[in-house]
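Asks: Okay, so the sequence shown: first residue is 1 according to full-length UniProt numbering, each after it adds one.
Just passing along the structure, written as structure tokens.
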Amino acid sequence: MISPKRFSELPEYAFPRLRTLLGDLSPGSNTPIQMTIGDPRHAPPALVGEVIARHNAAFMSYPPNDGAPELLGACAGWLKRRYGYDADPERDILVLNGTREGLYNAAMALCPETKNGQRPAILTPNPFYQVYAVASLSVGAEPVYLNATSATGHLPDYDAVDPALLNRTAIMYICSPANPQGATASMDYWANLLRLAEKHDFIICADECYAEIYRGQPPVGVLEAIKATGANPERVVAFHSLSKRSNLAGLRSGFAVSGPKNIARMKQLRAYAGAPLPLPLQMAAAEVWAEETHVEENRTLYAAKFEAAKGIFPDLQIPDAGFFLWLPVEDGEQATLKLWREAGVKVLPGAYLARDTEAGNPGDTYIRAALVGPLGETIDGLTRLRDCLYS
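So, in structure tokens, the structure goes:
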């Protein structure tokens, strides 16, 4: 259980910090543009409302905690199409009320109290999604932040981690495509990570919620690496979601896939602590996971915005995946203030997504801009951003 002392170790959440930073400052434009939060704004699939209406009577019943057979089957079908991975719907998949729930509960269900007689460590990329840190502290583990910088390809360099630390590592969180940098793990990267997990006996929690937002080739997934290397699926819990893939953040539909032992332990915890998705929403999610046309259309919309970004920032390395720009600046907070005061564009200081370490805060000299709005608005926002900060 998380104690008040451990809770004090948590960083303040990024968006309250941003509100404090900007305070009562007025935007430097009559048409301010919001580019802070990764809240998809493309239209969701039209079929969602129709399916919910068709199953409306099911709101009267308690939903199945582990997931309706239709939804479990649809998730397994998507894994087969996307990664060529065969998952048993009943044994290997757990339906989630959004992947944040699963990312948190994976640590609760799978992290031991000690590892080799010591306090376990949970490794987290830095920058990172805040739930990784909260989960680590909640189970009494030590969160260890591994800086992901341009020098490491914006993913952590696990070969540089002290073997003594790896020996007490219980869980390793990794996000690919990365939030906020958009970096993607290669097959070799995943294979090396699986080798380390086997050697040092830890579980990889692979947050792949941005896996369907890409330009060019689809990012390699950890499940493909399991299949290619013959690794033990119990070494991995992979997480997927409809929030970004299908612009359905409010549907709260995600799932975890792993080996049957890990899933059984997560199911046991969820029986007491979970909040199962209402059955009509599960039926809608099942049909959305089975439909790909809207996903391709969604990628096309993002691709147009990133193509525009290339024209506005010709010297910038555009990420292969995700929907953020991780923009270098001298000082993230000062750039955010200047941009809001002078151009009316709201972004997020990179430091708010990371933690201070002995090597510094890897987000100090970055801002994050979310390319989730319409094309014209995005072009306007990026043009203002360039003219304000880079001219």
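Where is the CB? At the ideal position from N, CA and C, for every residue including glycine.
Please read these numbers as outputs of a predicted model, since none were measured by experiment.
1. Just tell me which of E342, R368, Y85 has its CA closest to the CA of A351.
2. Below 8 Å on the Cβ atoms is my contact criterion, and I expect V257 with A238 to pass it. Report the Cβ-Cβ distance as a whole number of Å.
3. Quick check on the DSSP output: what are the complete beta strand (DSSP E) runs of length 3 or more inside the segment 162-228, in order along the chain?
4. Please state if the CB of R245 and the CB of G28 are separated by a distance shorter than 8 Å.
5. Secondary structure at L316, three-state DSSP: helix, strand or coil?
6. If you reduce the DSSP assignment to three classes, tell me which class L18 lands in.
7. Nearest CA to the CA of A46: which residue from A284, P180, S150?
8. Take G322 as the anchor and find which of P314, I312, F306, D315 has the nearest alpha-carbon.
9. Secondary structure at residue 415, three-state DSSP: helix, strand or coil?
10. Here's the rule I'm using: 16 or more other beta-carbon atoms within 10 Å means buried, otherwise exposed. How should Q282 be labelled?
11. Excluding the 5 residues flanking M1 on each side, which residues of the same chain have their C-beta closer than 6 Å to its C-beta?
12. Spell out a yes or no on whether the segment 145-165 and the segment 370-379 are touching, meaning 3 or more CB-CB pairs, one atom from each, closer than 8 Å.
13. For H55 and Q268, I'd like the C-alpha separation in whole angstroms.
14. Helix, strand or coil for Y366 per DSSP?
15. May I ask you to report which of helix, strand or coil DSSP gives Y145?
16. Among G332, A370, A106, which residue has its Cα nearest to the Cα of N361?
17. Would you mind stating whether A370 and F313 have Cβ atoms separated by less than 8 Å?
18. Since H240 sits in a beta bridge, which residues does DSSP pair it with?
19. If I measure Cβ to Cβ from R386 and keep anything under 8 Å in the same chain, skipping five residues before and after, which residues do I get?
20. If you check the beta carbons only, do Y158 and L196 fall under 8 Å apart?
21. Go ahead and pull the three-state DSSP assignment for I37.
22. Kindly indicate the opening and closing residues of the alpha helix (DSSP H) around P260.
23. In angstroms with no decimal places, state the Cα-to-Cα distance between L223 and S391.
24. With 16 other CB atoms within 10 Å as the buried threshold, where does N126 fall?
25. Taking 8 Å as the threshold (C-beta atoms), are N97 and A275 in contact?
26. Rounded to whole angstroms, what is the Cα-Cα separation between Q181 and W326?
27. Is the distance from the Cβ of A185 to the Cβ of S138 below 8 Å?
28. Measuring straight from C-alpha to C-alpha, what distance separates L300 and D162?
29. Report the CB separation of A225 from A178 in whole angstroms; it is logged as a contact under 8 Å.
30. Is the beta carbon of R235 sitting closer than 8 Å to the one on L194?
31. Return the bridge partner residues of A76 from the DSSP annotation.
32. Any idea what DSSP makes of F324, helix, strand or coil?
33. What is the residue span of the alpha helix (DSSP H) that residue 462 lies within?
Replies: Reading from the atomic positions:
1. R368
2. 5 Å
3. 169-175, 203-207
4. no
5. coil
6. helix
7. A284
8. F306
9. The requested residue 415 does not occur in the structure, where the chain is confined to residues 1 to 391.
10. buried
11. Low confidence applies to M1: its pLDDT is 48, below 50, so where it sits in the model is not reliable, and the reading given next is rough at best. The answer is none, since no qualifying residue turns up.
12. no
13. 28 Å
14. strand
15. strand
16. G332
17. no
18. F255
19. I312, F313
20. yes
21. coil
22. 260-273
23. 44 Å
24. buried
25. yes
26. 5 Å
27. no
28. Per the sequence presented here, residue 300 reads as Thr, with Leu not at that position. Spanning the two alpha carbons is a distance of roughly 42 Å.
29. Not quite, the Cβ-Cβ distance comes to about 17 Å (not below 8 Å), so this is no contact.
30. yes
31. Its beta-bridge partners do not exist; DSSP assigns none.
32. strand
33. The shown model of the chain, from 1 to 391, leaves out residue 462, and the question about it has no answer.
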